[in-house]
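Visitor: Here it is, the structure in full.
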Amino acid sequence: MAVTQQLPTKALIAGEWVDGNGATMQVRSAWSGRSIAEIQECDGADVDRAVMAASEVQPGWAALSLVERVELLRRMSAVIAEHTEDIAQMITLETGKTINETREEVTEYSGPCYQKAAEEVLRHRGMSLPSTQERSNNKRLVLTHRPIGVVAVITPYNFPTDIASIAIAHAIAAGNTVVWKPSEWTPISCAMLAGLFAEAGFPPGVVNLVQGHGEVGAALVGHERVDGVFFTGSTATGEKIAQRAGLKRQLLELGGDGPQIVLADADVDAAVDGAVLGCFYLAGQVCTSAERILVHEDVHDEFVEKLKARTAELRVGDPTDEKTDMGPMCNDGAIARVAEHVEDARRRGAEIVQFGEPDGAFYPPTILTGVTPEMQIAREETFGPVAPIIAISSADEAVAIANSSALALNASVYTRDLATAWRVGEALHHGTVNINESTNYWDQLAPFGGGKSSGVGRELSQWFLDSFTEPKLLNFDLNDRPKGDRRVMRPNDDSPSLNPATP
Numbered sequence: 002m003a004v005t006q007q008l009p010t011k012a013l014i015a016g017e018w019v020d021g022n023g024a025t026m027q028v029r030s031a032w033s034g035r036s037i038a039e040i041q042e043c044d045g046a047d048v049d050r051a052v053m054a055a056s057e058v059q060p061g062w063a064a065l066s067l068v069e070r071v072e073l074l075r076r077m078s079a080v081i082a083e084h085t086e087d088i089a090q091m092i093t094l095e096t097g098k099t100i101n102e103t104r105e106e107v108t109e110y111s112g113p114c115y116q117k118a119a120e121e122v123l124r125h126r127g128m129s130l131p132s133t134q135e136r137s138n139n140k141r142l143v144l145t146h147r148p149i150g151v152v153a154v155i156t157p158y159n160f161p162t163d164i165a166s167i168a169i170a171h172a173i174a175a176g177n178t179v180v181w182k183p184s185e186w187t188p189i190s191c192a193m194l195a196g197l198f199a200e201a202g203f204p205p206g207v208v209n210l211v212q213g214h215g216e217v218g219a220a221l222v223g224h225e226r227v228d229g230v231f232f233t234g235s236t237a238t239g240e241k242i243a244q245r246a247g248l249k250r251q252l253l254e255l256g257g258d259g260p261q262i263v264l265a266d267a268d269v270d271a272a273v274d275g276a277v278l279g280c281f282y283l284a285g286q287v288c289t290s291a292e293r294i295l296v297h298e299d300v301h302d303e304f305v306e307k308l309k310a311r312t313a314e315l316r317v318g319d320p321t322d323e324k325t326d327m328g329p330m331c332n333d334g335a336i337a338r339v340a341e342h343v344e345d346a347r348r349r350g351a352e353i354v355q356f357g358e359p360d361g362a363f364y365p366p367t368i369l370t371g372v373t374p375e376m377q378i379a380r381e382e383t384f385g386p387v388a389p390i391i392a393i394s395s396a397d398e399a400v401a402i403a404n405s406s407a408l409a410l411n412a413s414v415y416t417r418d419l420a421t422a423w424r425v426g427e428a429l430h431h432g433t434v435n436i437n438e439s440t441n442y443w444d445q446l447a448p449f450g451g452g453k454s455s456g457v458g459r460e461l462s463q464w465f466l467d468s469f470t471e472p473k474l475l476n477f478d479l480n481d482r483p484k485g486d487r488r489v490m491r492p493n494d495d496s497p498s499l500n501p502a503t504p
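Heads up, the sequence shown is in the numbering used here, so the first residue is 2 and it goes up one at a time.
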């Protein structure tokens with residue numbers, strides 16, 4: 002696999018590629034371990050320069066006409082399409098995602114994000130409101146949106162350019178500027194994307210890139226000139242970011258513990274397909290993965306046997322091979338967490354079926370039966386290629402188990418009965434409930450996010466634009482009352498507008 006362009010290994014600040022002033026960071030292939038490049042991490046001074054650059058150009062960027070911003074967003078979408086293969090190959094090198102998965106990420110998600118943001122910002126309308134405070138009909142109220150300013154964007158390794166593009170595209174569409182800190186596991190692919198903003202014609206400083214580990218993100222979130230924070234990652238890190246961000250606008254998409262519920266009347270074959278996608282896509286390294294499969298006892302054995310047969314067909318191996326279905330995991334920490342959860346389940350009595358042996362970065366597709374709700378794998382996010390199956394006796398039991406988690410991002414329900422689907426969907430606490438579809442499904446034009454400890458706010462489409470704009474109300478007094486009819490405070494006036502308690 003050969004990337005055809007020179008690798009960007011620097012930070013991008015105010016339109017200039019610069020070396021960071023921090024430690025040297027080795028970038029290695031997730032699956033081969035070989036060195037890809039070295040990067041100088043940023044330090045606090047680098048973060049400060051990036052934030053100040055974004056802050057200085059933000060008023061001018063917001064002052065551009067909407068037509069100009071939309072044209073640049075559309076151009077960015079086209080430019081990404083021209084560089085699809087290089088970006089996709091680099092993501093595969095860095096993360097171990099299969100080449101088919103990374104091509105899909107760039108062509109189906111990352112590039113189109115800018116086009117979709119261009120379309121959505123044109124529909125991000127204000128409104129005219131009636132006045133309820135005066136009898137004279139002299140007030141006109143108009144609600145508009147203004148950008149909040151500088152947005153810090155901190156993104157994970159599993160969808161390095163897609164999640165970043167969702168955040169950046171909508172933030173800049175609304176008139177904000179961005180300082181982006183990508184995962185330390187995917188600095189090169191993200192720098193490749195960041196470099197395309199200049200090619201698309203964006204002014205310097207609208208999108209800035211800083212590189213490094215968690216301390217760089219902490220400095221960014223805590224900077225006094227940062228007005229909003231977007232973060233996708235673990236719940237533990239999200240809680241730290243929320244504390245550091247304080248009262249800044251926040252949009253946090255955190256962990257998931259997705260239940261897939263398979264009821265007695267389900268189409269078992271469809272449910273098996275959903276489980277394969279939900280558990281083994283991206284080697285299970287997706288926040289919306291199926292982390293618990295709750296199967297009714299009437300179809301349990303049939304489901305398990307069919308899932309074993311389908312899983313045995315998966316081709317695990319070289320992620321650069323187009324025939325590979327599942328590649329390696331991204332890093333040692335991810336592998337260790339999966340192994341810990343599987344071992345805990347084994348000690349507590351679960352039966353383990355593995356389709357291969359753990360080998361370096363490769364963790365084999367694994368099915369667990371006899372899983373119970375108190376096991377670690379049923380209580381925490383595993384983030385790996387494991388299908389833990391819990392037998393249930395009713396829809397009510399499934400809902401109770403599903404809602405027992407502190408996480409509530411995506412869930413799915415398989416049933417042929419519409420009323421049952423509706424009732425179970427309403428009873429689940431999750432931000433998205435997919436009916437007869439994998440937990441790994443979301444739509445670019447629908448709100449995405451979770452309840453409980455799975456996040457704060459909703460991203461995508463209009464919901465993202467709302468998150469990083471400030472509603473502003475303009476109150477107009479038409480000033481055409483008859484002479485002598487000006488408003489004055491009268492102690493006995495019972496007009497609502499003269500009530501001192503009215504804010």
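A virtual CB, placed ideally from N, CA and C, is assigned to each residue, including glycine.
Quantities reported herein were computed from a predicted structural model and do not represent experimental measurements.
With a floor of 4 residues, list each alpha helix (DSSP H) that falls wholly inside the segment 372 to 429, ordered by position along the chain.
Guide: For the segment 372 to 429, whole alpha helix (DSSP H) runs of length 4 or above, ordered along the chain, are 377 to 380, 396 to 404, 419 to 428.
Visitor: Within this structure, are the beta carbons of Gly259 and Leu410 separated by less than 8 Å?
Guide: Locating residue 259 in the sequence shown gives position 258, counting from the first residue. Locating residue 410 in the sequence shown gives position 409, counting from the first residue. Going by C-beta atoms, Gly259 is nearer than 8 Å to Leu410.
Visitor: For Leu13, does the three-state DSSP call read helix, strand or coil?
Guide: Here residue 13 is taken as the residue at index 12 of the sequence shown, counted from 1. In the structure shown, Leu13 sits in a strand (DSSP, three-state: E or B).
Visitor: Between the alpha carbons of Gly196 and Glu17, how many angstroms are there, rounded?
Guide: Residue mapping note: residue 196 aligns to position 195 of the sequence shown, counting from 1. Residue mapping note: residue 17 aligns to position 16 of the sequence shown, counting from 1. So the two alpha carbons sit approximately 10 Å from each other.
Visitor: Taking only the alpha-carbon atoms, compute the straight-line gap between Asn101 and Met376 and give it to the nearest angstrom.
Guide: Along the sequence shown, read from residue 1 onward, the residue named residue 101 stands at position 100. Along the sequence shown, read from residue 1 onward, the residue named residue 376 stands at position 375. So the two alpha carbons sit approximately 34 Å from each other.
Visitor: Among the residues of its own chain, which have a CB less than 7 Å from the CB of Ala119, if the five just before and after it don't count?
Guide: In the sequence shown, counting from the first residue as 1, residue 119 sits at position 118. Cβ within range, chain order: Val71, Leu74, Arg75, Ala174.
Visitor: Taking C-beta to C-beta, are Met327 and Leu315 nearer than 8 Å?
Guide: Your numbering for residue 327 matches position 326 in the sequence shown. Your numbering for residue 315 matches position 314 in the sequence shown. Contact: yes.
Visitor: What residues match up with Thr25 in a beta bridge as DSSP calls it?
Guide: Numbered from its first residue, the sequence shown carries residue 25 at position 24. Note: Thr25 sits in a beta bridge opposite Gln41.
Visitor: Who pairs with Glu352 in a beta bridge, going by DSSP?
Guide: Counting from one through the sequence shown, the residue named residue 352 turns up at place 351. For Glu352, which the question treats as bridged, DSSP gives the partners Thr370.
Visitor: Between the Cα of Met77 and the Cα atoms of Val28, Pro204, Arg35, Arg136, which residue gives the shortest distance?
Guide: As a position in the sequence shown, residue 77 is number 76, starting the count at 1. Ranking Val28, Pro204, Arg35, Arg136 by Cα distance to Met77 puts Pro204 first.
Visitor: Could you say which of Ala192, Arg424, His430 lies nearest to Ala412 if we only look at CA atoms?
Guide: Position 411 of the sequence shown, counted from the start, is the residue given in the question as residue 412. The shortest C-alpha separation from Ala412 is found at His430.
Visitor: Helix, strand or coil for Leu475 per DSSP?
Guide: As a first step, residue 475 must be located in the sequence shown, where it is residue number 474. Strand at Leu475.
Visitor: Per DSSP, what kind of secondary structure is Glu292 in: helix, strand or coil?
Guide: Residue numbering aside, residue 292 sits at position 291 when the sequence shown is read from its first letter. Strand.
Visitor: Quick one: residues in its chain with C-beta nearer than 8 Å to the C-beta of Lys61, no 5 flanking neighbours on either side, listed in chain order?
Guide: Locating residue 61 in the sequence shown gives position 60, where the first residue counts as 1. Looking at the sequence shown, residue 61 is not Lys but Gly. Only Pro204 meet the Cβ criterion.
Visitor: I need the straight-line Cα distance from Ser290 to Glu438, nearest angstrom please.
Guide: To locate residue 290, count along the sequence shown from 1; it is residue 289. To locate residue 438, count along the sequence shown from 1; it is residue 437. Each residue's Cα considered, the two are about 12 Å apart.
Visitor: Enumerated in chain order, which unbroken segments of the alpha helix (DSSP H) with a length of 4 residues or greater are wholly contained in the segment 30 to 112?
Guide: DSSP runs (the alpha helix (DSSP H)) wholly in the segment 30 to 112: 45 to 64, 67 to 83, 85 to 96, 100 to 105.
Visitor: Run the CB neighbour count on Ser394, radius 10 Å, all protein chains shown included, and call it buried at 16 or more, exposed below.
Guide: Residue mapping note: residue 394 aligns to position 393 of the sequence shown, counting from 1. Ser394 comes out exposed.
Visitor: Taking the alpha-carbon of Val122 as reference, which of Phe477, Asp478, Trp464, Asp345 has the nearest alpha-carbon?
Guide: Looking up residue 122 in the sequence shown gives position 121. When only C-alpha atoms are compared, the closest one is Trp464.
Visitor: So, for Ala15: in the same chain, excluding its five sequence neighbours on each side, which residues have a beta-carbon less than 6 Å away from its beta-carbon?
Guide: Within the sequence shown, numbered from 1, the residue matching residue 15 stands at position 14. The answer, listed in chain order, is Ala54, Pro205, Gly206.
Visitor: Taking only three categories from DSSP, how would you classify Thr321?
Guide: What you label residue 321 is simply residue 320 of the sequence shown in a count that begins at 1. Thr321: coil per DSSP, three-state reduction.
Visitor: In its own chain, which residues sit with a C-beta less than 7 Å from the C-beta of Val19, not counting the 5 before and 5 after it?
Guide: Taking the sequence shown and counting its residues from 1, one reaches residue 19 at position 18. Result list for Val19: Lys11, Ala12, in chain order.
Visitor: Check whether the Cβ atoms of Glu344 and Thr370 lie closer than 8 Å to each other.
Guide: As a working note, residue 344 is residue 343 in the sequence shown. As a working note, residue 370 is residue 369 in the sequence shown. Not in contact: Glu344 and Thr370 (Cβ atoms no closer than 8 Å).
Visitor: Where Arg523 and Ala271 are concerned, what is the direct C-alpha to C-alpha distance, given to the nearest angstrom?
Guide: Lying before the first or after the last residue shown, residue 523 is absent from the chain, which here runs from 2 to 504.
Visitor: Decide yes or no for the touch test of the segment 84 to 94 against the segment 238 to 252: beta carbon pairs closer than 8 Å, at least 3 of them.
Guide: In short, these stretches do not touch, since the Cβ pair count stays below three.
Visitor: In angstroms, rounded to a whole number, what distance separates the CA positions of Ile262 and Val180?
Guide: As a first step, residue 262 is located in the sequence shown; it is residue number 261 there, counting from the start. As a first step, residue 180 is located in the sequence shown; it is residue number 179 there, counting from the start. Each residue's alpha carbon lies about 40 Å from the other.
Visitor: Could you tell me which uninterrupted alpha helix (DSSP H) segments, each at least 4 residues in length, are contained entirely in the segment 211 to 299, listed from first to last along the chain?
Guide: If we require 4 residues or more, the alpha helix (DSSP H) runs fully inside the segment 211 to 299 come out as 215 to 223, 236 to 246, 269 to 281.
Visitor: What's the gap between the Cα of Glu471 and the Cα of Val354?
Guide: One-based indexing of the sequence shown puts residue 471 at position 470. One-based indexing of the sequence shown puts residue 354 at position 353. Whole-angstrom Cα-Cα distance: 52 Å.
Visitor: Does the distance from the C-beta atom of Pro366 to that of Pro359 stay below 8 Å?
Guide: Along the sequence shown, read from residue 1 onward, the residue named residue 366 stands at position 365. Along the sequence shown, read from residue 1 onward, the residue named residue 359 stands at position 358. No.
Visitor: Excluding the five sequence neighbours on either side, which residues of its own chain have a C-beta within less than 6 Å of the C-beta of Glu200, listed in chain order?
Guide: To locate residue 200, count along the sequence shown from 1; it is residue 199. Here the set comprises Val80.
Visitor: Please give me, in chain order, every unbroken run of the alpha helix (DSSP H) with length at least 4 that falls completely inside the segment 449 to 473.
Guide: With a minimum length of 4 residues, the continuous alpha helix (DSSP H) runs that stay inside the segment 449 to 473 are 462 to 468.
Visitor: Run the CB neighbour count on Pro9, radius 10 Å, all protein chains shown included, and call it buried at 16 or more, exposed below.
Guide: Position 8 of the sequence shown, counting from 1, holds the residue named residue 9. Answer is buried; the Cβ neighbour count reaches 16.
Visitor: Taking only the alpha-carbon atoms, compute the straight-line gap between Ile1 and Arg226 and give it to the nearest angstrom.
Guide: The first residue shown for the chain is 2 and the last is 504, placing residue 1 beyond what the model contains.
Visitor: Locate the alpha helix (DSSP H) running through Pro188, then write down its first and last residues.
Guide: Here residue 188 corresponds to residue number 187 of the sequence shown, with the count starting at 1. Pro188 -> alpha helix (DSSP H) spans 188 to 201.
Visitor: Can you name the residues that DSSP bridges to Asn209?
Guide: Position 208 of the sequence shown holds residue 209. Paired residues: Val180.
Visitor: Taking 7 Å as the limit between beta carbons, can you name the residues of its chain near Glu398, skipping five residues before and five after?
Guide: Working through the sequence shown from its first residue, we reach residue 398 at position 397. Result list for Glu398: empty, nothing under 7 Å.
Visitor: According to DSSP, Met330 sits in a beta bridge with which residue or residues?
Guide: In the sequence shown, the residue the question calls residue 330 occupies position 329. Per DSSP, none; premise fails for Met330.
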